[in-house]
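*Asks:*
Protein chains: 2
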Amino acid sequence: MSKVKTGIVMMNLGGPASLDEVEPFLLELFADREIIQLPFQRWLGPFIARRRAPRVRGLYAQIGGGSPILRYTRAQGQGMVERLDRLSPETAPHGFYVAFRYVQPKSEDALRAMAADGVERAVAFTQYPQFSCSTTGSSLNELWRAAGRLGMRDAFEWSLIDRWPVHHGFIAAMTETVREGLTQFDAAERDRVLILFSAHSLPLDVIDRGDAYPQEVGASVQAVVERLARPNPYILAFQSEVGPVRWLGPSTERVIRRLGARGQKQVLVVPIAFTSDHIETLSELDREYGEVAHRVGITQYKRSPALNDRPQFLDALADIVREHLATGRPYSSQYRTRCPGCENPQCRQVLKPIGADLRAPGQPAGATR
Amino acid sequence: MSKVKTGIVMMNLGGPASLDEVEPFLLELFADREIIQLPFQRWLGPFIARRRAPRVRGLYAQIGGGSPILRYTRAQGQGMVERLDRLSPETAPHGFYVAFRYVQPKSEDALRAMAADGVERAVAFTQYPQFSCSTTGSSLNELWRAAGRLGMRDAFEWSLIDRWPVHHGFIAAMTETVREGLTQFDAAERDRVLILFSAHSLPLDVIDRGDAYPQEVGASVQAVVERLARPNPYILAFQSEVGPVRWLGPSTERVIRRLGARGQKQVLVVPIAFTSDHIETLSELDREYGEVAHRVGITQYKRSPALNDRPQFLDALADIVREHLATGRPYSSQYRTRCPGCENPQCRQVLKPIGADLRAPGQPAGATR
Numbered sequence: 000m001s002k003v004k005t006g007i008v009m010m011n012l013g014g015p016a017s018l019d020e021v022e023p024f025l026l027e028l029f030a031d032r033e034i035i036q037l038p039f040q041r042w043l044g045p046f047i048a049r050r051r052a053p054r055v056r057g058l059y060a061q062i063g064g065g066s067p068i069l070r071y072t073r074a075q076g077q078g079m080v081e082r083l084d085r086l087s088p089e090t091a092p093h094g095f096y097v098a099f100r101y102v103q104p105k106s107e108d109a110l111r112a113m114a115a116d117g118v119e120r121a122v123a124f125t126q127y128p129q130f131s132c133s134t135t136g137s138s139l140n141e142l143w144r145a146a147g148r149l150g151m152r153d154a155f156e157w158s159l160i161d162r163w164p165v166h167h168g169f170i171a172a173m174t175e176t177v178r179e180g181l182t183q184f185d186a187a188e189r190d191r192v193l194i195l196f197s198a199h200s201l202p203l204d205v206i207d208r209g210d211a212y213p214q215e216v217g218a219s220v221q222a223v224v225e226r227l228a229r230p231n232p233y234i235l236a237f238q239s240e241v242g243p244v245r246w247l248g249p250s251t252e253r254v255i256r257r258l259g260a261r262g263q264k265q266v267l268v269v270p271i272a273f274t275s276d277h278i279e280t281l282s283e284l285d286r287e288y289g290e291v292a293h294r295v296g297i298t299q300y301k302r303s304p305a306l307n308d309r310p311q312f313l314d315a316l317a318d319i320v321r322e323h324l325a326t327g328r329p330y331s332s333q334y335r336t337r338c339p340g341c342e343n344p345q346c347r348q349v350l351k352p353i354g355a356d357l358r359a360p361g362q363p364a365g366a367t368r
Numbered sequence: 000m001s002k003v004k005t006g007i008v009m010m011n012l013g014g015p016a017s018l019d020e021v022e023p024f025l026l027e028l029f030a031d032r033e034i035i036q037l038p039f040q041r042w043l044g045p046f047i048a049r050r051r052a053p054r055v056r057g058l059y060a061q062i063g064g065g066s067p068i069l070r071y072t073r074a075q076g077q078g079m080v081e082r083l084d085r086l087s088p089e090t091a092p093h094g095f096y097v098a099f100r101y102v103q104p105k106s107e108d109a110l111r112a113m114a115a116d117g118v119e120r121a122v123a124f125t126q127y128p129q130f131s132c133s134t135t136g137s138s139l140n141e142l143w144r145a146a147g148r149l150g151m152r153d154a155f156e157w158s159l160i161d162r163w164p165v166h167h168g169f170i171a172a173m174t175e176t177v178r179e180g181l182t183q184f185d186a187a188e189r190d191r192v193l194i195l196f197s198a199h200s201l202p203l204d205v206i207d208r209g210d211a212y213p214q215e216v217g218a219s220v221q222a223v224v225e226r227l228a229r230p231n232p233y234i235l236a237f238q239s240e241v242g243p244v245r246w247l248g249p250s251t252e253r254v255i256r257r258l259g260a261r262g263q264k265q266v267l268v269v270p271i272a273f274t275s276d277h278i279e280t281l282s283e284l285d286r287e288y289g290e291v292a293h294r295v296g297i298t299q300y301k302r303s304p305a306l307n308d309r310p311q312f313l314d315a316l317a318d319i320v321r322e323h324l325a326t327g328r329p330y331s332s333q334y335r336t337r338c339p340g341c342e343n344p345q346c347r348q349v350l351k352p353i354g355a356d357l358r359a360p361g362q363p364a365g366a367t368r
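For the record, the sequence lines run as chains R and V. Counting in my numbering, the first sequence tops out at residue 368, every number present. Counting in my numbering, the second sequence tops out at residue 368, every number present.
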């Protein structure tokens with residue numbers, strides 16, 4: 000294999016690829032204080048993880064025995080670097096490296112593979128379009144820690160793409176998934192379909208710290224509906240809340256119940272903050288909420304397809320990286336803006352950033368801001 | 000005066016024009032169950048209003064003895080109709096009518112004046128860029144009730160402009176206020192200024208019902224920063240929370256405290272959901288939070304100017320109405336989408352809408368969606 004000049008780390012949550020990985024995945028998830036803060040976490044985290052494991056294994060069994068997120072992330076990475084080699088020959092050859100947060104391949108795996116490939120310039124590319132400290136923030140913190148554990152603090156020069164909530168290519172691809180989703184309804188009824196955008200929720204304590212996520216999700220929704228330019232009503236709701244604390248609403252499940260009670264018959268649910276199918280789409284949106292919808296009288300409950308390996312989305316991924324590389328900037332102006340309420344000193348670091356000075360006067364913040 | 004063909008109702012909260020109007024204003028505000036729901040409201044509302052009145056009178060005394068919102072709304076209306084008469088001669092002459100929610104001129108005043116002017120076609124134009132049931136929703140419900148009380152249910156054919164969170168003219172004008180705000184800082188330090196967008200908060204119960212407001216405010220912020228294209232960090236926070244219930248965060252005041260504690264020296268606060276100066280900008284943002292900022296060590300705390308009667312904003316208002324009239328549609332596709340958790344049967348009505356059918360297939364939703 001020829002030496003890789005530009006290595007792109009595809010950061011995402013990940014999901015268990017097999018049923019055996021479910022419990023280890025949950026153990027890691029519930030141990031991460033950057034995403035979940037529990038009292039007596041060392042004891043309570045494993046307790047909750049082990050208690051939930053059988054049920055979650057059952058959910059994964061229903062969707063084919065594991066999460067397809069690694070397959071899709073690889074397809075996204077492959078499509079992206081092929082395009083980048085054509086679009087940006089000066090930074091080629093490009094390689095991609097998957098870094099999941101709670102299952103393999105993890106940050107260490109990505110870093111070792113990058114070293115083996117002789118990568119010079121590294122780009123940490125979040126696969127979450129909208130920034131949250133609990134997703135992109137946690138992944139980046141872990142990436143830098145992993146580099147420290149491996150003694151690879153100086154191995155690469157880094158820059159990062161930390162958010163892309165309204166990137167034109169992302170919005171174009173998302174809008175196409177909505178259009179495709181709408182074709183599942185009779186043409187005569189298509190304009191009556193309520194479009195229910197659904198994003199993963201966050202505990203209100205995270206919101207109150209000043210997490211950028213709700214603002215950026217709101218912007219993504221607006222950009223999609225503007226581009227869609229259809230008369231369909233739409234609502235943004237938040238899914239997957241767990242545990243006793245209060246989460247950001249409105250809750251997707253409760254919205255579905257209420258829409259049904261009101262006589263809404265057609266609902267298209269659109270995952271606006273995930274790019275690949277995984278348990279929150281295939282199990283929670285499709286099966287769990289689908290059953291709720293059926294019970295409350297929504298006769299046509301459909302979901303728009305995830306971006307997965309759609310060529311238009313691969314184009315968008317390549318374009319986001321190309322635009323980022325062209326700016327020569329190490330990170331967006333927003334990345335260094337810590338949440339006002341944050342008390343985690345690890346946040347918002349960059350290991351060994353490329354040379355450009357973010358604060359250079361008059362520099363526009365760029366398309367990946 | 001020549002007969003007015005198109006009457007445009009400028010709907011807003013309003014504020015007491017003199018100190019004598021403060022208590023009546025608060026009495027009306029705390030009696031409105033569409034904005035505040037209290038136990039034993041008939042008794043507790045007046046109790047709270049009377050108890051707050053002296054302090055609020057003091058605040059109005061500090062900002063010149065009353066709210067300037069009527070003066071600005073009239074200037075906005077005047078500038079808007081002058082432009083519309085030029086831009087849209089086929090719907091001219093245009094007249095504007097102010098309908099405040101809790102002080103005069105109220106909906107009745109607007110409706111009576113419209114009848115006196117011989118208005119044929121009426122447009123209810125919210126002056127809140129982002130839709131919330133507690134602002135635009137409450138104003139519209141009151142407008143229809145007032146028409147009922149006056150026996151004017153059939154007096155006019157109505158259409159309505161219920162939101163314009165990312166209208167290009169509004170975003171252009173807002174972005175200019177931010178640029179102007181930044182000129183208050185030394186050029187050498189301008190890029191370090193943290194831009195703190197601040198919008199009025201809402202109780203979480205309203206959010207959980209499915210109010211569109213946070214999504215639309217998020218979209219406005221994104222549109223402004225994209226257009227601004229500057230490296231400044233920014234945060235969206237929410238102000239003016241009162242009482243014992245939990246409100247949408249992060250709280251503007253708490254964010255200011257935390258920024259100061261962290262050593263942030265320059266902050267520009269930007270009112271993103273108000274179009275005119277009133278007590279929330281002149282007193283709360285400028286004085287109250289200004290004192291907080293000073294105490295926590297923010298050496299330069301400034302506010303961007305409100306849109307008020309800036310010509311660019313008058314252009315935007317005229318453009319929003321012109322585009323709306325050109326669609327021939329009675330309301331945006333979103334207006335009829337009731338909050339999933341709403342239990343107020345009054346919501347989302349239109350008294351006597353103009354003829355076009357919203358559900359006509361394939362109709363784009365238009366710029367004021």
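Glycine included, C-beta positions come from ideal geometry on N, C-alpha and C.
Measuring CB to CB, does Leu69 (chain R) end up less than 8 Å from Gly13 (chain R)?
*Replies:* Contact flag set, yes.
*Asks:* Determine which residues of the region 225 to 236 of chain R have a Cβ less than 9 Å from any Cβ of chain V, and write them out in chain order.
*Replies:* The region 225 to 236 of chain R vs chain V, Cβ under 9 Å: Glu225, Leu227, Ala228, Arg229, Pro230, Asn231, Pro232, Tyr233, Ile234, Leu235 and Ala236.
*Asks:* Beta-carbon separation of Ala98 (chain R) and Ala109 (chain R) under 8 Å?
*Replies:* It is a contact, given that the beta carbons lie within the stated cut-off.
*Asks:* From the DSSP output, read off the bridge partner residues of Thr326 (chain V).
*Replies:* Looking at the DSSP assignment, Thr326 (chain V) forms no beta bridge with any residue, so it has no partner.
*Asks:* Since Val254 (chain R) and Gly209 (chain V) should fall inside the 8 Å C-beta cutoff, what is the C-beta to C-beta distance between them, to a whole number of angstroms?
*Replies:* Contact holds; Cβ gap of about 6 Å.
*Asks:* Can you check the region 277 to 351 of chain V for any beta strand (DSSP E) of at least 3 residues that lies completely inside it and give the ranges in chain order?
*Replies:* Those beta strand (DSSP E) runs which fall completely within the region 277 to 351 of chain V and span 3+ residues are 299 to 302.
*Asks:* For Ala292 (chain R), which residues in chain V fall below 8 Å Cβ to Cβ?
*Replies:* Chain V residues near Ala292 (chain R): none, gap ~13 Å exceeds 8 Å.
*Asks:* What residues in the region 157 to 172 of chain R bring their beta carbon closer than 9 Å to a beta carbon of chain V?
*Replies:* Answer set for the region 157 to 172 of chain R: Pro164 and Val165.
*Asks:* Output the residue ranges of the beta strand (DSSP E) runs that lie fully inside the region 133 to 167 of chain V and measure 3 residues or longer, sorted by chain position.
*Replies:* 156 to 160, all fully within the region 133 to 167 of chain V.
*Asks:* Can you tell me the Cβ-Cβ gap for Gly371 (chain V) and Met113 (chain V), rounded? I've got them flagged as a contact below 8 Å.
*Replies:* For chain V, the structure presents residues 0 to 368; residue 371 (chain V) sits outside this window and is missing.
*Asks:* Can you check whether the C-beta of Thr336 (chain V) is within less than 8 Å of a C-beta belonging to chain B?
*Replies:* Judged by its chain identifiers, the structure shown contains no chain B, and its protein chains are R and V.
*Asks:* Can you tell me whether DSSP reads Tyr59 (chain R) as helix, strand or coil?
*Replies:* Helix at Tyr59 (chain R).
*Asks:* So that I know if they touch, is there some Cβ in chain R lying closer than 8 Å to that of Ile297 (chain V)?
*Replies:* It does not; no Cβ of chain R falls within 8 Å.
*Asks:* On the three-pair Cβ rule with 8 Å, is the region 150 to 169 of chain R touching the region 194 to 205 of chain R?
*Replies:* No contact exists between the region 150 to 169 of chain R and the region 194 to 205 of chain R.
*Asks:* Output, in chain order, the set of chain R residues within a Cβ distance shorter than 7 Å of Ser332 (chain V).
*Replies:* Going along chain R in sequence order, the residues near Ser332 (chain V) (Cβ under 7 Å) are Pro230, Asn231 and Pro232.
*Asks:* Would you tell me roughly how many angstroms separate the C-alpha atoms of Ser275 (chain R) and Asn307 (chain R), rounded to the nearest one?
*Replies:* Answer to the nearest angstrom: the Cα atoms are 5 Å apart.
*Asks:* What residues in the region 255 to 282 of chain V have a beta carbon less than 7 Å from any beta carbon of chain R?
*Replies:* Residues Arg257 and Leu258.
*Asks:* Tell me, to the nearest whole angstrom, how far the beta carbon of Leu247 (chain R) is from that of Phe196 (chain R); I am working on the premise that it is less than 8 Å.
*Replies:* Actually they do not touch by this definition, with Cβ atoms about 14 Å apart.
*Asks:* Considering only residues of the same chain and omitting the five flanking positions on each side of Pro230 (chain R), which have a CB-CB separation below 8 Å?
*Replies:* Only Asp190 meet the Cβ criterion.
*Asks:* Is it right to say Pro17 (chain R) is buried, meaning 16 or more other beta carbons lie within 10 angstroms of its own, or is it exposed?
*Replies:* It should be pointed out that residue 17 (chain R) corresponds to Ser in this sequence rather than to Pro. Exposed, by the Cβ-count rule.
*Asks:* Assuming Ile278 (chain V) and Ile62 (chain V) form a contact by the criterion Cβ under 8 Å, report the distance between their Cβ atoms to the nearest whole angstrom.
*Replies:* Confirmed, about 7 Å.
*Asks:* Cα-Cα, which of R:Ala260, R:Phe169 and R:Arg85 is closest to Ile319 (chain R)?
*Replies:* Checked all of R:Ala260, R:Phe169 and R:Arg85; the closest Cα to Ile319 (chain R) is R:Phe169.
*Asks:* Going by beta-carbon coordinates alone, are Arg347 (chain V) and Arg337 (chain V) separated by less than 8 Å?
*Replies:* Yes, the Cβ-Cβ distance between Arg347 (chain V) and Arg337 (chain V) is below 8 Å.
*Asks:* Between the Cα of Ile271 (chain R) and the Cα atoms of R:Arg294, R:Phe130, R:Glu156 and R:Met10, which residue gives the shortest distance?
*Replies:* The shortest C-alpha separation from Ile271 (chain R) is found at R:Phe130.
*Asks:* Please name the residue, chosen from V:Ala74, V:Asn11, V:Glu225 and V:Glu156, that lies closest to Gly117 (chain V) on a Cα-to-Cα basis.
*Replies:* The shortest C-alpha separation from Gly117 (chain V) is found at V:Glu156.
*Asks:* Would you kindly work out how many angstroms separate the C-alpha atoms of Ile194 (chain R) and Glu107 (chain V), rounded to a whole number?
*Replies:* Rounded to whole angstroms, Ile194 (chain R) to Glu107 (chain V) spans 37 Å at the Cα level.
*Asks:* Indicate whether at least one CB of chain V lies closer than 8 Å to the CB of Arg208 (chain R).
*Replies:* Yes, Arg208 (chain R) counts as interfacial toward chain V.
*Asks:* Can the beta-carbon of Gln238 (chain R) be found less than 8 Å from the beta-carbon of Glu252 (chain R)?
*Replies:* Yes, these two residues count as a Cβ contact at 8 Å.
*Asks:* State the Cα-Cα distance for the pair Leu357 (chain R) and Leu139 (chain R), rounded to the nearest angstrom.
*Replies:* Confidence in Leu357 (chain R) is poor, its pLDDT being 44 and thus under 50, which makes the residue's placement unreliable; the coordinate value appears in the next sentence. Distance between the alpha carbons of Leu357 (chain R) and Leu139 (chain R): 18 Å.
*Asks:* Whose CA, out of R:Pro128, R:Thr326, R:Arg41 and R:Leu316, lies closest to the CA of Arg82 (chain R)?
*Replies:* Out of R:Pro128, R:Thr326, R:Arg41 and R:Leu316, R:Leu316 has the C-alpha closest to the C-alpha of Arg82 (chain R).
*Asks:* Can you check whether the C-beta of Pro213 (chain R) is within less than 8 Å of a C-beta belonging to chain V?
*Replies:* Output row for Pro213 (chain R): interface = yes.
*Asks:* Just tell me which of R:Leu267, R:Val21, R:Phe273 and R:Asp19 has its CA closest to the CA of Ile297 (chain R).
*Replies:* Ile297 (chain R) has its Cα closest to that of R:Leu267, out of R:Leu267, R:Val21, R:Phe273 and R:Asp19.
*Asks:* Put Gly209 (chain R) into one of helix, strand or coil per three-state DSSP.
*Replies:* In the structure shown, Gly209 (chain R) sits in coil (DSSP, three-state: anything other than H, G, I, E or B).
*Asks:* Applying the 10 Å Cβ sphere with the 16-neighbour rule, what's the burial state of Met10 (chain V)?
*Replies:* Met10 (chain V) comes out buried.
*Asks:* If Gln75 (chain R) and Ala171 (chain R) are in contact, beta carbons under 8 Å, what's the gap, nearest whole angstrom?
*Replies:* That belief does not hold up - the Cβ atoms of Gln75 (chain R) and Ala171 (chain R) are roughly 16 Å apart, past 8 Å.
*Asks:* Count the other CB atoms within 10 Å of the CB of His166 (chain V); is the residue buried (16 or more) or exposed (fewer)?
*Replies:* Classification for His166 (chain V): buried.
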